[in-house]
Amino acid sequence: MKVTLSALDTCESSFTPLVVLELAQDVKEETKEWLKNRIISKKEDGGAQLLFRPLLNKYEKETLENQNLYLVGASKITLLLGAEAMGLVKECNDNTMRAFTYGTRYNFKDFDDDNDDFLTMAECQFIIKHELENLRARDEKMIPGYPQAKLYPGKSLYHIRGYFGETIALYFGFLEYFTVALIPMAVIGLPYYLFVWEDYDKYVIFASFNLIWSTVILEVWKRGCANMTYRWGTLVMKRQFEEPRPGFHGVLGINPVTGRKEPLYPSYKRQLRIYLVSLPFVCLCLYFSLYVMMIYFDMEAWALSLHDNSGSEWTSVLLYVPSVIYAVVIEIMNRLYRYAAEFLTSWENHRLESAYQNHLILKVLVFNFLNCFASLFYIAFVLRDMKLLRQSLATLLITSQILNQIMESLLPYWLQRKHHVQVKRKVQALKADIDATLYEQVVLEKEMGTYLGTFDDYLELFLQFGYVSLFSCVYPLAAAFAVLNNFTEVNSDALKMCRVLKRPFSEPSANIGVWQLAFETMSVISVVTNCALIGMSPQVNALFPESKLDLVLIVVAVELFLMESYSYKNFEEVRRLTLNYLFLGHRKKRKVQPAKFFTAMLFAKKYILWSCKLICWPRHMIPA
């Protein structure tokens with residue numbers, strides 16, 4: 035039986051103080067009383083269930099200074115249950131280290147009901163600090179005495195998981211983690227932006243931090259994601275045999291594996307549709323995207339020439355107009371292509387929902403990546419104009435964030451509120467004896483849109499991660515704008531799921547799925563991009579004035595070292611095959627896979643040659 039604090043008497047007239055709490059001098063009495071009640075209230079009422087009393091001086095009169103000093107403690111049972119909740123590790127009687135649990139407390143060394151030294155002073159204070167920091171508002175809307183200080187009910191990922199399921203809880207968990215991970219980039223980028231604003235070439239230090247950051251954060255997320263799903267019980271949950279998706283159609287027959295009746299569709303027909311229709315269509319869309327990009331550069335050249343000829347203030351503002359127009363066109367093209375990709379993927383008639391999602395994500399990511407980042411790559415590595423790169427990155431990032439907030443949340447919420455008013459009028463006009471509240475809720479939610487999954491939400495974060503990780507070294511404020519956007523994104527997504535769209539059925543998940551691979555791929559590209567930008571910088575080129583060979587080798591070595599974390603298994607396989615082929619093959623006669631070995635060597639050769647061309651290409655030979 036699980037022991038809870040609500041079932042135990044924790045009232046003590048006197049206690050050993052563990053923490054001193056000091057309030058501001060001008061705190062009102064009603065606020066003090068409210069805080070005291072929150073601290074001593076029971077857990078089920080949203081309190082910390084701690085012991086609390088003001089500091090009393092027996093030898094001196096109570097002065098103004100010690101009127102706002104309070105002593106905080108806890109009963110022994112509170113501390114033991116807190117140690118269990120926090121997972122403190124203690125030594126057992128068999129000399130092993132295990133997480134403490136109250137139910138098995140007698141199995142731990144030195145534990146006794148009369149022994150108050152089982153938990154150290156530091157551990158007791160840490161438990162009290164944890165309880166105070168985790169106080170959450172329940173029904174309160176404001177702090178008594180301070181009506182301007184609003185309170186908002188705290189919702190943890192466990193509450194979200196209980197209401198929406200693991201898939202959406204993982205999305206909010208990733209959004210929260212990604213926002214926190216962006217804060218170091220924003221903190222470093224803000225002073226870097228202020229002090230090195232006019233010098234567009236001093237980006238080496240920030241680019242170095244950028245490539246390390248983009249490599250590390252995804253590995254840390256894997257651990258945090260596994261920790262959450264392990265506690266939810268979905269990490270090692272066996273996936274049931276996947277049934278055909280509802281949209282799959284074909285001739286009704288017997289599945290040779292399951293023996294059940296289901297639609298059958300030849301795989302060669304699906305492959306013909308993919309390679310003869312879908313693939314050419316995607317290539318055509320990519321070509322059209324590049325064509326629109328060249329039109330944008332023509333507009334930039336026209337605005338720049340106009341500004342050079344006139345030099346007025348309105349022409350300086352006109353310099354940003356092509357980027358804004360191009361950013362709006364990118365968003366329109368992304369949404370139109372999304373509809374076309376969904377139609378093509380559905381027309382390909384994939385049997386499984388996982389195959390459908392993988393093909394759809396691949397189509398959308400390829401187009402969105404080229405559509406959003408092709409112009410930035412062209413400016414960075416062909417034009418090599420860092421000033422234009424900074425301007426384009428800032429405009430694309432900010433414009434896309436504003437448009438996404440409007441299209442995803444504000445506009446649907448306005449339409450939903452308008453429909454809500456119409457429903458209320460219909461309810462008031464009814465004369466029948468019905469439950470008006472239930473009728474209003476059913477009619478209102480019936481007209482809500484259907485939530486189609488976390489695809490668009492992850493896609494937005496994917497593009498944001500690309501803007502920050504690829505070229506934020508030339509625009510350090512990119513991370514700061516991403517943090518501000520994500521703070522509003524959490525609330526807008528919650529608004530969208532709770533007020534605008536119907537609640538979806540929950541779906542267990544062990545991770546974020548194929549999006550983990552997508553983010554890792556973007557991270558690998560960001561490592562290559564930042565290393566190339568570092569190699570192109572004047573500061574690094576000044577270290578190698580005579581020959582570029584040393585610079586090329588250093589850049590390639592750094593890239594391979596950082597990319598090793600993403601392909602460790604393949605790296606070890608290539609290393610083992612290399613050793614077998616060069617040194618050990620004639621001794622142990624191990625079987626070497628020539629195809630895998632030579633493929634890896636060919637990739638490394640092409641990779642090094644590409645890096646050499648990128649860094650050592652003379653300036654006058656770069657195509658205009």
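Just so we're aligned, residue 35 is where the sequence shown starts under our numbering, counting upward by one.
Glycine included, every Cβ here is placed at the ideal spot set by N, Cα and C.
Note that the structure is a prediction, hence the values are computed from the model and not measured.
Between the alpha carbons of Cys646 and Cys565, how many angstroms are there, rounded? Its pLDDT being 41, under 50, Cys646 is placed unreliably in this model, and the coordinates cannot settle the point.
Reduced DSSP category for Tyr264 - H, G, I as helix; E, B as strand; rest coil: helix
Bridge partner(s) assigned by DSSP for Phe142: Cys126
What's the C-alpha gap between Phe415 and Leu431? 20 Å
Suppose you measure from the CA of Tyr495 to the CA of Tyr501; what does that come to, to the nearest Å? First, the amino acid is wrong: residue 495 is Leu here, not Tyr. Their Cα atoms are separated by approximately 10 Å.
Residues of its chain near Cys126, where Cβ-Cβ distance is below 7 Å and the 5 sequence neighbours each way are ignored: Arg132, Asn141, Phe142, Lys143
Can you list, in chain order, the residues of its chain whose CB lies under 7 Å from that of Leu286, leaving out five sequence neighbours each side? Lys295, Pro297
Measuring only the C-alpha atoms, how far is Ser426 from Ile568? 20 Å
Among Asp527, Glu387, Glu210, which one has its Cα closest to the Cα of Ile440? Asp527
Tell me the DSSP bridge mates of Met131? Glu125
Assuming Tyr412 is part of the alpha helix (DSSP H), what are its boundary residues? 387-412
Identify whether Met482 lies in helix, strand or coil by the three-state DSSP scheme. coil
Considering only DSSP beta bridges, list what Ile359 is partnered with. DSSP output for Ile359 lists no bridge partner at all.
Rounded to whole angstroms, what's the CA-CA distance from Glu118 to Arg139? Just pull it up for me. 10 Å
Take Leu252 and list the residues in its own chain whose beta-carbon comes closer than 8 Å to its own, dropping the five residues that flank it on each side. Excluding five sequence positions before and after Leu252, the CB atoms of its chain that fall closer than 8 Å to its own CB belong to Gln550, Phe553, Glu554, Ser557, given in chain order.
How would you write the range of the beta strand (DSSP E) that Pro297 sits in, first residue to last? 295-298
What residues match up with Val285 in a beta bridge as DSSP calls it? Leu298
Leaving out the 5 sequence neighbours to the left and right, which residues in its chain are closer than 6 Å to Leu378 when beta-carbon positions are compared? Ser312
Identify whether Gly107 lies in helix, strand or coil by the three-state DSSP scheme. DSSP places Gly107 in strand when its eight states are reduced to three.
Taking Ile202 as the reference, which of Asn368, Ser540, Phe145 has the closest Cα? Ser540
Around the C-beta of Ile364, are 16 or more other C-beta atoms found within 10 angstroms, so that it is buried, or is it exposed? buried
May I ask you to report which of helix, strand or coil DSSP gives Phe49? coil
Under 7 Å, do Leu69 and Val106 count as touching if we go by C-beta distance? No, these two residues do not count as a Cβ contact at 7 Å.
Which residues in the same chain as Pro356 place their Cβ atom closer than 7 Å to its Cβ, once the five residues preceding and following it in sequence are excluded? Tyr330, Met333, Glu334, Ala337
Element boundaries [beta strand (DSSP E), containing Arg87]: Note, Arg87: beta strand (DSSP E), 85-88.
Would you report the Cα separation of Leu114 and Leu57, rounded to the nearest angstrom? 28 Å
Starting from Ser506, trace the alpha helix (DSSP H) in both directions and tell me its first and last residue. Segment: none, Ser506 is in no alpha helix (DSSP H) and carries neither H nor E.
Span of the alpha helix (DSSP H), counted from its first residue to its last, around Ser543: That residue, Ser543, is in no alpha helix (DSSP H); it is neither H nor E in DSSP.
Tell me which same chain residues have a C-beta within less than 6 Å of the C-beta of Leu535, skipping the five on either side of it? Met482, Gly483, Tyr485, listed in sequence order.
Residue from Asp128, Pro290, Ile436, Ile395 with nearest C-alpha to Arg372: Ile395
Can you tell me the Cα-Cα spacing of Ala215 and Cys158, whole angstroms? 30 Å
Ordered along the chain, which non-local residues of its own chain (more than five positions away) have a Cβ less than 8 Å from that of Tyr180? Lys62, Thr65
Would Gly196 be called buried (16 or more neighbouring beta carbons within 10 Å of its own) or exposed? exposed
Tell me where the alpha helix (DSSP H) around Pro225 begins and ends. 200-229
For the alpha helix (DSSP H) containing Asn564, list its first residue and its last residue. 548-570
State buried or exposed for Gln573, treating a residue as buried only when at least 16 other CB atoms are found within 10 Å of its CB. exposed
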